[in-house]
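677 is the number of the first residue of the sequence shown in this note's numbering; add one for each residue after it. Beta carbons are placed, not taken as given, at the ideal position from N, Cα and C, and that holds for glycine. Following: one structure in structure tokens, then a few remarks.
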Amino acid sequence: MNGKNILITGAGGTVGLILTRFFLGEGFRVYVVDRAEEGAARLLDMQRISGNGKSLYVLFGDVLEESFLENFLGQTEISYIIHCAALKHFSVGVAFPEKVMTENVEVFKRVRDIAKKHTGVRKVILCSSDKAAKPLSAMGASKKAIEDLSRESDIEGVDFINIRFGNILYSNGSVLEKLENHIQRGEAFTIRNQEMTRYILTESDVVDLVEYALNSGVHGDVICIETPSIKITELVEGYLKKRKATIPVVLGENSFAESIHEALFNEEEVPCVSKNGQFFVYNKKHKGDLNENDRDYVLSSEHALSEEALKKIYE
């Protein structure tokens, strides 16, 4: 794939920046777009510092604007699209569920149109979430809707592949980012439930997952990577220990839109989930092959608890 053109939407966010750096290092010409000023500034800084003005093309604007991406790309032949752009923050989804649902789906449709108009596109990788497995929030529901719509997309020669992420350590809006902000201000940190668990990923996990999707994914796949889970209480305690910081940690109330444990796949999907190395792949056209332990693992982060998760904080 060296020398190919790749488009990354929402490239100024955590996942987008990770992938932009990776694909530049792999010899791609990378076209990136972000509508947030802070995100665009990060991308411009990357362009300036790396000296990759002829390999990294930055655009500041909204994918939903009429003809926006078409004008940016012009006659450029895009081979791959990585779609990261989304409204994803928990509090925003609870406060404005209709906005999150509608906008996330509409942005996907715009990306789908780009894939249809640019005949060189071979794969569209859609960044989904483990919250799409059993959605309780508008964000999770929007990701599930996008997965379903992408599976139904019928564009000759184009594979739509979804990748479900767990929680990426130190990402924008993550537990650790919020905790660090509380440490800086000396404020108490609230945990909603002492039993809450989450699958966690590092930057290298993100890259491995996207690489696998590009190299091995086929149309209709939903792909996850096997990573450990951790109790949020232990994650917070581990980070405070790493930072040698002391702030009060208090117990709050559960939210109707937030699960105690996450799942990578739900019960209806599991019969069609197979495992290849560290990757789990769902495709409704395929027969699964999970053993009992793997089945338990993908159905609940409660069954993925591992001391390895705590070590990732210190990497």
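Status (buried if at least 16 other CB within 10 Å, exposed otherwise) for residue i
| i | result |
| --- | --- |
| T752 | exposed |
| Q723 | buried |
| T795 | exposed |
| D897 | buried |
| D990 | A small fix is needed here, since residue 990 is Tyr in this sequence, not Asp. Y990 is exposed by the Cβ-count criterion. |
| A864 | exposed |
| F704 | buried |
| R788 | buried |
| R861 | exposed |
| F932 | exposed |
Other residues of its chain near residue i: CB distance less than 6 Å, five sequence neighbours each side excluded
| i | result |
| --- | --- |
| H765 | G849 |
Nearest-angstrom Cα separation, counted from residue j out to residue i
| i | j | result |
| --- | --- | --- |
| L720 | D965 | 45 Å |
| A980 | K730 | 44 Å |
| A712 | I859 | 26 Å |
| C803 | I923 | 34 Å |
| V957 | K920 | 40 Å |
| F617 | F784 | This structure gives no information on residue 617, because the portion of the chain shown stretches from 677 to 991. |
| L975 | S826 | 23 Å |
| T866 | E714 | 27 Å |
| E934 | E871 | 13 Å |
| K987 | A761 | 30 Å |
Proximity to residue i [Cα-Cα], best of the options
| i | options | result |
| --- | --- | --- |
| A791 | Y915, L683, A921 | L683 |
| G737 | T778, T685, T909 | T685 |
| A716 | I694, L700, A687 | A687 |
| V734 | G727, L740, D710 | D710 |
| H937 | N869, G928, E853 | N869 |
| E913 | V926, E902, I901, T903 | V926 |
| P904 | E984, V800, V739, G727 | E984 |
| G727 | L745, G701, D835, E742 | G701 |
| S982 | N967, H759, L911 | L911 |
| I908 | A809, I801, L855, L890 | L855 |
| L740 | Y915, T690, V781 | V781 |
| K960 | N857, H895, E853 | H895 |
Neighbourhood of residue i by C-beta, 8 Å cutoff - its chain only, sequence neighbours within 5 removed
| i | result |
| --- | --- |
| T696 | I684, A687, V706, V708, L719, M722, L732 |
| I754 | N681, I682, L683, Y707, I790, H794, G796, V797 |
| Y875 | D806, G842, N843, T903, P904, S905, E938, L940, S977, A980 |
Residues of its chain near residue i, where Cβ-Cβ distance is below 7 Å and the 5 sequence neighbours each way are ignored
| i | result |
| --- | --- |
| Y888 | I899, F955 |
| M777 | A814, A817, S818 |
| E768 | The sequence shown places Val at residue 768, not Glu. Once the five neighbours on either side are set aside, the close Cβ partners of V768 are V776. |
Q: May I ask you to verify whether the stretch 830-839 touches the stretch 942-953, counting CB pairs closer than 8 Å and requiring at least 3?
A: no
Q | At least 3 beta-carbon pairs within less than 8 Å: the stretch 876-885 vs the stretch 835-844 | A | yes
(Q) Is it the case that the stretch 759-778 contacts the stretch 805-819, given that we only count it when at least three CB pairs across the two stretches are under 8 Å? (A) yes
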